[in-house]
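K.L.:
Structure below; questions to follow.
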Amino acid sequence: MQEMSSLTLPTLILRDEIYIKHEPGLWHPESPERLKTIYSALDNRLSDSAGFEQVAPRAATRQELAWNHDPAYIERISRTAGVEHYQLDPDTSTSAYSWEAAIKAAGGLFVLVDEVMERRAANGFGLVRPPGHHAERDRAMGFCLFNNVALAAHYAMNIHGLERILIVDWDLHHGNGTQHSFYDDDRVLYFSTHQFPYYPGTGRLEEAGSGKGEGYTVNVPMSAGKGDQEYYAVFSRLLRPICLEFKPELILVSAGFDIYRDDPLGGMMVSADGFGLLAASILQMARDTCDGRVIFTLEGGYNLTGLRDGVLEVLRICRKNHTEIDRILESSKSSDIDFKELDRALSFQSRFWSLK
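Every position in the sequence shown, counted from 1, becomes a number in our numbering once 9 is added.
Pasting the structure below:
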């Protein structure tokens with residue numbers, strides 16, 4: 010009965026034209042074409058598919074942004090509204106509509122949190138720009154203005170009273186901003202797989218949290234060349250037991266598609282099907298811990314084909330029932346995969362979690 014009822018709830022797709030109006034500059038890899046490609050694919054391939062509903066964002070207020078960002082920094086970004094071009098750091102700039110896009114990227118995730126927590130939706134995907142996981146409390150970084158996924162976690166705690174949230178970050182780059190947002194907080198478990206050493210230089214295995222947050226930051230730095238089976242091995246053998254022990258009430262996913270095998274900024278080898286495998290793994294964990302409550306949000310991904318196909322595959326998996334998801338995962342043999350980064354992570358994290 011639970012399986013049937015979960016499928017009666019829709020998968021929400023958060024999208025809006027304001028996200029396309031954020032223009033970081035000519036030839037910038039984080040271009041509007043990323044979302045244009047995804048939105049076009051949604052219209053052509055999912056427009057008649059049952060189970061999907063589109064939802065519009067709202068703007069996050071300054072008070073809400075201040076849960077994770079310094080008020081002076083928020084004011085600085087707000088002053089870029091209407092300005093044709095403003096350079097925040099060597100990689101990150103704004104245009105006339107970037108402020109509005111940024112506050113609606115964060116606020117859009119708040120809408121998804123409300124819908125999923127109040128059981129009006131099974132899960133959701135925020136197809137937003139600008140991305141967020143590099144944004145620090147008082148600094149724009151790595152194409153990011155405000156930390157969308159961190160703000161969504163704050164929203165879930167402050168508005169819905171949640172006490173345990175898992176953030177899974179599979180982007181190619183380490184989410185330094187997200188890590189720093191909750192480094193001493195045991196209510197949010199941050200789990201990141203990322204290419205290392207690489208931008209932004211954070212995310213060492215030994216970065217595990219501090220104070221009451223010690224053990225609640227889990228980094229899995231990996232060398233280039235890892236593909237579907239290596240990523241799934243990390244998820245099944247490390248993330249899953251940690252998740253089952255932590256028992257999150259909500260899972261948020263920083264979904265970066267720059268681990269795709271042909272991404273120009275990365276060196277990983279994940280296929281479009283591999284993104285579905287990772288999504289299935291997370292959905293199974295959510296089923297076993299938090300009644301299936303999962304929200305994906307778009308981070309990186311700069312090969313338009315990989316970005317499009319990866320997003321569509323994640324959405325396709327979101328509509329699978331429990332039996333279908335179990336079958337997908339059972340067909341993958343992560344137990345046969347052995348590589349040094351996973352061995353090191355299992356050994357290190359065993360001091361905090363019950364790992365075999």
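For every residue, glycine included, the Cβ atom is placed at its ideal position computed from N, Cα and C.
Could you tell me whether the Cβ atoms of S245 and D180 are closer together than 8 Å?
P.N.:
Their beta carbons are not under 8 Å apart, which means S245 does not touch D180 by this criterion.
K.L.:
Around the C-beta of D345, are 16 or more other C-beta atoms found within 10 angstroms, so that it is buried, or is it exposed?
P.N.:
Exposed: under 16 other Cβ atoms inside 10 Å.
K.L.:
For P273, does the count of other Cβ atoms within 10 angstroms reach 16, so buried, or fall short, so exposed?
P.N.:
Looking at its Cβ environment, which holds fewer than 16 other Cβ atoms inside 10 Å, P273 is exposed.
K.L.:
Taking L313 as the reference, give the member of K365, R270, D52, W108 with the closest Cα.
P.N.:
Of K365, R270, D52, W108, the residue nearest in Cα terms is R270.
K.L.:
Quick check on H182: buried or exposed, where buried means 16 or more other Cβ atoms within 10 Å of its Cβ?
P.N.:
It counts as buried.
K.L.:
Go through the segment 259-322 residue by residue and report every complete run of the beta strand (DSSP E) that reaches 3 residues or more, in order.
P.N.:
DSSP runs (the beta strand (DSSP E)) wholly in the segment 259-322: 259-264, 303-307.
K.L.:
First and last residue of the alpha helix (DSSP H) that includes Y82?
P.N.:
Looking at the DSSP string, the run of the alpha helix (DSSP H) that includes Y82 is 80-87.
K.L.:
Using the Cβ count rule (16 or more neighbours within 10 Å means buried), how would you classify E308?
P.N.:
It counts as buried.
K.L.:
Can you name, in chain order, every residue of its own chain whose Cβ lies under 8 Å from the Cβ of F205, other than the five neighbours on each side?
P.N.:
Result list for F205: H183, G212, R213, P230, M231, S232, in chain order.
K.L.:
To which residues of the same chain is D123 closer than 6 Å at the C-beta, ignoring the five residues directly before and after it?
P.N.:
Excluding sequence neighbours, D123 sits near nothing in its chain.
K.L.:
What is the residue span of the alpha helix (DSSP H) that V120 lies within?
P.N.:
V120 -> alpha helix (DSSP H) spans 107-126.
K.L.:
Y4 to E350, Cα distance in whole Å?
P.N.:
Not covered by the structure: residue 4. The range shown for the chain is 10 to 365.
K.L.:
Considering only the beta carbon of each residue, do K221 and Y106 sit closer than 8 Å?
P.N.:
Cβ atoms of K221 and Y106: not closer than 8 Å.
K.L.:
Could you say if the segment 94-110 and the segment 282-296 meet the contact criterion of at least three C-beta pairs nearer than 8 Å?
P.N.:
Not touching, per the Cβ criterion.
K.L.:
Rounded to whole angstroms, what is the Cα-Cα separation between V227 and F119?
P.N.:
Distance between the alpha carbons of V227 and F119: 25 Å.
K.L.:
Please find out if some non-hydrogen atom of the ligand ATP comes closer than 7 Å to the beta-carbon of T314.
P.N.:
Only the bare structure without any ligand can be found here, which leaves the ligand ATP out of the picture.
K.L.:
How far does the beta strand (DSSP E) with T226 in it extend, from its first residue to its last?
P.N.:
Run containing T226: 226-231, per the beta strand (DSSP E) assignment.
K.L.:
Is it true that the segment 163-181 meets the segment 235-255, where meeting means three or more beta-carbon pairs spaced less than 8 Å apart?
P.N.:
Yes, they touch.
K.L.:
As a quick exercise: from L121, L316, E254, pick the residue whose alpha carbon is nearest that of E42.
P.N.:
For E42, the nearest C-alpha among the options comes from L316.
K.L.:
Should H94 be labelled buried (16 or more other beta-carbon atoms within 10 Å of its own) or exposed?
P.N.:
Exposed is the call here.
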